[in-house]
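J.:
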Amino acid sequence: MVSATADATLRHLRNSLATIEKSTGFPDDAGVLAIGLRPLDAALGGGLARAALHELAPAAPAQIGAASGFALALAALATAGGRTALFVQTDFSAMEAGALYGPGLDCLGLPMKRLIVLRVPRPVDVLWACEEALKSRGVAAVVAELPQTGAAADLTATRRLTLAARTGGNLGLLLRQHPSPVATAASTRWEISASPSVPDRYGGLGRTTFDLSLNRNRRGRCGRFIVCWDHHARVFLPAALSLGMAAASCNGSADPQLLARAVTGWR
Amino acid sequence: MKGALRLSAVNDAAAQLGLVPGLALADARARYPRIAVADADPAVDARTLAAIADWCDRYTPLVGLDPPDGLLLDITGCAHLFGGEEAMCRDVVERLARHGFHARAAVADTVGCAWAVARYGDPVIPGKAASPESITAMEHGFRAPAIGRYRNDGERIFIVSSNDTREVLIPLPLAALRIDADTIAALAQVGLKRIADVIDRPRAPLAARFGEAFVRRIDQAIGREDEPIAPRLPVPPYVTERRFAEPIAREEDVLGTIEHLARELAGLLERRGDGARIIEVALFRTDGKVHRIAAGAGAPLRDPARMRALFVERLAAIGDEYDPGFGYDVVRLAAFATERADPTQTGLAASDHAAELAHLIDRLGARFGLRRVTRLIPRDTHIPEFAVTAVAAASSAYATSALETRGAKSHRPLPRLRLSNPEQIPSAHTEQDSLAPTRPVRLFEQPERIEAIAEVPDGPPVQFTWRRVRHAVAHAEGPERIAMEWWRDEHGRRLTRDYFRVESREGLRVWLYREGFFNDRAPPHWFLHGVFA
C-alpha cells in the first residue's frame, strides 16, 4: 500500500517535471541530426540531438584542428538546408590556436558564406553570444570555442545553454581547447583526436579521419568510434579497417558487441 | 611687449574694476595686486562650448558652433514648441544660468544681426553681463547707447522683430559686423566707427578699399545676402522625442520610452517606405550632459521591439559609462541613415530565417561592435594569409538579402541545379583531386617556427617539432610552391614558400612550409602555418 502511494507520488512528480521541462520550449525530440553511421546513431539514439548542447574537446592540445574539424563537419550537416552557422571565439584563442581559414572551410565542406564568425574579448562573452544565438531562429548551429578548459562554462552555464538550445531548436557545440573535468549539463561530451588515415591508392593523404571518444551520453551508451569525413559528399563514412579500429577494439572503451555489429554493418 | 602674459577673459567683478581682455597681466597686477588669475585653456573652452552645443540640441537640430564663445541656433519653426521666441530665449538663458553660465541670447532675422545684438546690444554699462558670449564685445570698451527698438528682458534676451533689423544695427559699432581688428582700425582712421557710417555708402569703393569680406558682412547683417548655419551634427531625417516634467532615471523607464519612440519612428518610416540603418538615441541629462548612443542595423529596420532590443545590448555594452545621475528630461530617437524597405512576402508556416539572422547579427553587433561580427569573403590571390578577408556581416548580410530579392523578382528561372542544391557548385578550392582537404581549417596569423628535418634538401620533412612535441611524419604531400606575385616583387625579394601537407604517425595533420630555397650557406627555415581537421 505504501509502495503504491509512493509510486503514485513518484509518477506525479515525474509528470510535473516533464511538463516543466517541456513547457520551456521544444520537446526533447525536436529532431536529431543523423550522423549516417549506424553504430554511432544507435548509441546516440538516432543521431545527435538538434535542440541540445554538445561538448567537444581535443584529446591533446595539438588536436585542436581535429576537434574544430569535427565541430565544423557537424555544423556542415546541420546547415545542409542552406542555413547559417555561427562560430564564436575569443581573440586570445584565435591567436593561440589559429583563426578559422575560409578556403579551408570550403575544402572541409562548410562553405564560408554559410558561416558567421564572431570574435569576442572575454570567455564570458562567448557564452553570452552563444546563448543569444541558440535562442534565435536565425542560425542552425552555433560553435562556441572557449580558450583553455573553458572554466567559464560550468554546470550552470551549460544548463543555460541547453535551455537556450531547446528554446531555439538549434544545435549547440561547445568547443573547449582542453578536456574539462567539471560537471556539465550538455547532452553529450566528446574527446576528439585525429586518427591515421588510410592513404589513397597513390600513397597520398587519405580522408580526414576522426577518433571520437563519446565520454558522456545522456541518451545511451558511451563508446569510441573511428569515422571518416568525406568532404566532397559531406557525409561521415565508416573508417576503413585500420590500425585505429584495431586500437579501438583492443582498448575496450567501445562496447565489444556494438563494435562487432558495427563492423558487420560496415562490411 | 611680445611674450607677455595677457588677460584673455575677465569676469564681472574684474570688468567693473576696469580690467579688459588684452591687458598685460603685469599691468593688471600693478593696479590690483590681489586679483585671482587662472591659465587660459582654449581646448577646454572649446570642449565646453561643444558640450553646450550638444545640450542645445534639445531646442533645434540645427546648432552651429561660433567659436570661441558663441552658438548659432536655427530656430525656424521650433520656437512655437517652447511658447514663442521670447519664452524660448528665457528658457535657454535660465537653464544655462542654472549650470553656471552667463549667456545672452538674441533672436533676429539674420545671423549677423543676432550676433551683433547678442554681443553689442547692451543698453547698460559694460561688464554688467560678462558672459562667454559677450567677452569679445568687451574688448573694444565702448557700448552702443540704449536702443529702444527691441524688447529686452533682464538685459540678457533680445528679440529683434523683422522690420527693425536695420534700425537696430545702425547705432552699433563696426566690430558688431564680425570683421577683423585690422579692418576696424583702418575704418577708424577714416572716421568710420559705427554701422550707420557705412551702411548707406556705395558698396564698390568700400569693397575696393576694405575688402570684399567687409562688404559681405554688411550685406549678411541686413539680410541682403543669405548666410546658412553649418550644423555641428548631421540633421537626422526622422526624429521623435519625449520630454518629461519629472526626469526619468531607471533603465526600464528609459528602455520603455525608447520603445514608445520607436513605435512613433516606425510609423514615420513606414509612411515613406523607409527602414533605418543607423538609429541614435540622445538622452539629455538634467545636469546638461547628453548621452548619445547609436546602434546599427544590418538590414533596414522598422520593428520597434527590435530597435529596443538593440538598445538593450548597447546599454549593457556601455556599462558604467551610462550614468543617469539625476535622470533624463528629454529622450530623443532619430534615424540617421535610412534605406528603402519594401515589405517582403513571408511564408505562413516557416519562420523567416533571414530576418531572424539579420536581427541576431544586429544584436551581436550592438553588444560587441559590428566589425566583430564577420563573414569570410574569398579574395583572388595565392598568398594563403590574404586569400580570405573578414568583412562586417551587417554590410554583407544586406547585400546578399538584396541580391536574393532581386533574384526572386526576375522571371527568368534559375538553373535547376542551383535551385536543388546550391552547395554543389564547385569553387576553386574545393575542386580538388585529393581525398584530403588541400587547405587547413585553422590558420595561424603568424606562422610558427618549427624544427624540421628533411631527407633530401627540397623534399618533405621526415620529422618536425612543434610546440616542443616531436612528430614523426607518416605521409606527406607536396611541395606546393607559393610565391609572391611577380608584379609585386619589385625588389627581387622572392618570398617563395614550399608547402607540404603532412600527416604524423598519430594522424595529426598540419600545413608546413619551407621558406626560401635550399643553399649551402644557411639552412632554410621551416614554419607551421595551419592545422587540418
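Keeping their order, the protein sequence lines are chains A and B.
Just so we're aligned, residue -14 is where the first sequence starts under the working numbering, counting upward by one.
Just so we're aligned, residue 242 is where the second sequence starts under the working numbering, counting upward by one.
Each residue gets a CB set at the ideal place from its N, CA and C atoms; glycine is no exception.
As the structure is a computational prediction, the values presented were derived from the model and not from experiment.
Alpha carbons only, please: which of A:Gly54, A:Leu38, A:Gly67, A:Leu100 is nearest the one belonging to Thr617 (chain B)?
T.: The sequence shown places Leu at residue 617 (chain B), rather than the Thr named in the question. The shortest Cα separation from Leu617 (chain B) among A:Gly54, A:Leu38, A:Gly67, A:Leu100 belongs to A:Leu100.
J.: Count the other CB atoms, across all protein chains shown, that sit within 10 Å of the CB of Ala253 (chain A); report buried if there are 16 or more and exposed otherwise.
T.: The displayed coordinates of chain A run from -14 to 252. Any statement about residue 253 (chain A) would go beyond what the structure contains.
J.: Exposed or buried, what is Pro764 (chain B) when buried is set at 16 or more other beta-carbons lying within 10 Å of its beta-carbon?
T.: Looking at its Cβ environment, which holds fewer than 16 other Cβ atoms inside 10 Å, Pro764 (chain B) is exposed.
J.: Going by DSSP, what residue range makes up the alpha helix (DSSP H) through Ile499 (chain B)?
T.: Ile499 (chain B) -> alpha helix (DSSP H) spans 492 to 513.
J.: Assign Arg(-4) (chain A) to one of two classes, buried (16 or more other C-beta atoms within 10 Å of its C-beta) or exposed (fewer than that).
T.: When all chains shown are included, Arg(-4) (chain A) counts as exposed.
J.: Tell me whether Cys92 (chain A) sits in a helix, a strand or coil according to DSSP, three-state version.
T.: Helix.
J.: Report yes or no: do the stretch 436 to 450 of chain B and the stretch 538 to 550 of chain B share at least 3 C-beta pairs separated by less than 8 Å?
T.: Touching, no, given that fewer than three Cβ pairs across the two stretches are closer than 8 Å.
J.: Give, in chain order, every unbroken run of the beta strand (DSSP E) that is at least 3 residues long and sits entirely within the stretch 267 to 353 of chain B.
T.: Fully enclosed beta strand (DSSP E) runs of 3 or longer: 304 to 307, 311 to 314, 346 to 348.
J.: Give me the Cα-Cα distance between Ala271 (chain B) and Val358 (chain B), rounded to the nearest whole angstrom.
T.: Distance between the alpha carbons of Ala271 (chain B) and Val358 (chain B): 34 Å.
J.: His216 (chain A) CB to nearest chain B CB: under 7 Å?
T.: It does: the Cβ of His216 (chain A) has a partner Cβ on chain B nearer than 7 Å.
J.: Nearest by alpha-carbon distance to Ala179 (chain A): which of A:Gly191, A:Ala150, A:Met97, A:Tyr187 is it?
T.: Taking only the C-alpha atoms, the option nearest Ala179 (chain A) is A:Gly191.
J.: For Pro88 (chain A), decide whether its Cβ has a neighbour in chain B, counting only Cβ atoms nearer than 7 Å.
T.: True, the Cβ-Cβ gap to chain B drops below 7 Å.
J.: Compute the beta-carbon to beta-carbon distance between Pro619 (chain B) and Val629 (chain B), rounded to the nearest angstrom, for a pair I have assumed lies under 8 Å.
T.: About 6 Å; that satisfies the 8 Å criterion.
J.: Does Val127 (chain A) get closer than 7 Å to chain B when you measure Cβ to Cβ?
T.: No, no contact with chain B.
J.: CB-CB under 8 Å to Ala811 (chain B), same chain, minus the five flanking residues each way: which ones, in chain order?
T.: It is not possible to answer for residue 811 (chain B), since the shown part of chain B is limited to 242 through 774.
J.: Using a Cβ-Cβ cutoff of less than 6 Å, which residues in the same chain neighbour Gly353 (chain B) once the five nearest sequence positions on both sides are dropped?
T.: Excluding positions up to five away in sequence, the list reads Gln461, Ala462.
J.: Should Cys92 (chain A) be flagged as near chain B, meaning a C-beta pair shorter than 7 Å?
T.: Answer yes: the Cβ-Cβ gap between Cys92 (chain A) and chain B drops below 7 Å somewhere.
J.: Assuming Gly83 (chain A) contacts Phe685 (chain B) under a Cβ cut-off of 8 Å, what Cβ separation, rounded to an integer in Å, is found between them?
T.: At roughly 5 Å, the Cβ-Cβ gap stays under 8 Å, so Gly83 (chain A) and Phe685 (chain B) are in contact.
J.: By the DSSP assignment, the alpha helix (DSSP H) with Asp253 (chain B) in it spans what residues?
T.: Counting along the chain, the alpha helix (DSSP H) containing Asp253 (chain B) begins and ends at 253 to 258.
J.: Distance check for Pro43 (chain A) and Glu689 (chain B), CA to CA, integer angstroms please.
T.: Taking the straight line from one Cα to the other gives about 20 Å.
J.: Which residue's Cα is closest to the Cα of Ala254 (chain B): B:Val456, B:Val278, B:Pro545?
T.: Nearest option by C-alpha distance: B:Val278.
J.: Under 6 Å: does the beta carbon of Asp441 (chain B) sit that close to some heavy atom of the ligand GDP?
T.: No copy of the ligand GDP appears in this structure; indeed no ligand is present at all.
J.: What number of angstroms, rounded off, separates the C-alpha of Leu502 (chain B) from the C-alpha of Met548 (chain B)?
T.: Approximately 10 Å between the Cα atoms of the pair.
J.: In or out: Asp91 (chain A) buried (at least 16 other Cβ within 10 Å) or exposed?
T.: Buried is the call here.
J.: In chain order, what residues of the same chain have a beta carbon less than 6 Å from the beta carbon of Val772 (chain B), not counting five sequence neighbours either side?
T.: Within the same chain, Val772 (chain B) has close Cβ partners Pro681, Arg683, Val751.
J.: When the Cα atoms are used, what is the spatial distance from Gly566 (chain B) to Asp528 (chain B)?
T.: Cα-Cα distance, rounded: 8 Å.
J.: Do you know how far the Cα of His600 (chain B) is from the Cα of Leu195 (chain A)?
T.: It should be noted that the sequence gives Phe, not Leu, for residue 195 (chain A). The alpha-carbon atoms of Phe195 (chain A) and His600 (chain B) are separated by roughly 36 Å.
J.: Determine the extent of the beta strand (DSSP E) in which Val212 (chain A) is found, giving its start and end residues.
T.: Its beta strand (DSSP E) spans residues 208 to 215.
J.: Excluding sequence positions up to five away, which residues of its chain have a Cβ less than 6 Å from the Cβ of Met329 (chain B)?
T.: If we look at Met329 (chain B) and ignore the five residues flanking it on each side, its Cβ neighbours are Ala320, Phe323.
J.: What do you reckon, are the CB atoms on Leu103 (chain A) and Ala126 (chain A) nearer than 7 Å?
T.: Cβ atoms of Leu103 (chain A) and Ala126 (chain A): not closer than 7 Å.
J.: Give the single residue among B:Val431, B:Ile400, B:Pro309, B:Asp307 whose Cα lies nearest to the Cα of Gly325 (chain B).
T.: Among B:Val431, B:Ile400, B:Pro309, B:Asp307, the Cα nearest to that of Gly325 (chain B) is on B:Ile400.
J.: Give a yes or no on whether 7 Å exceeds the smallest Cβ distance from Ala245 (chain B) to chain A.
T.: Chain A contact via Cβ: absent.
J.: Between which two residues does the alpha helix (DSSP H) containing Thr406 (chain B) stretch?
T.: Segment 406 to 410, the alpha helix (DSSP H) holding Thr406 (chain B).
J.: From which residue to which residue does the beta strand (DSSP E) around Ile398 (chain B) run?
T.: Note, Ile398 (chain B): beta strand (DSSP E), 398 to 400.
J.: Taking the alpha carbon of Leu524 (chain B) as the point to measure from, which residue in B:Arg543, B:Ala507, B:Glu562 has its own alpha carbon closest?
T.: The residue with the shortest Cα to Cα distance from Leu524 (chain B) is B:Glu562.
J.: For chain A, is any of its Cβ atoms less than 7 Å away from the one on Leu605 (chain B)?
T.: Cβ-Cβ to chain A under 7 Å: yes for Leu605 (chain B).
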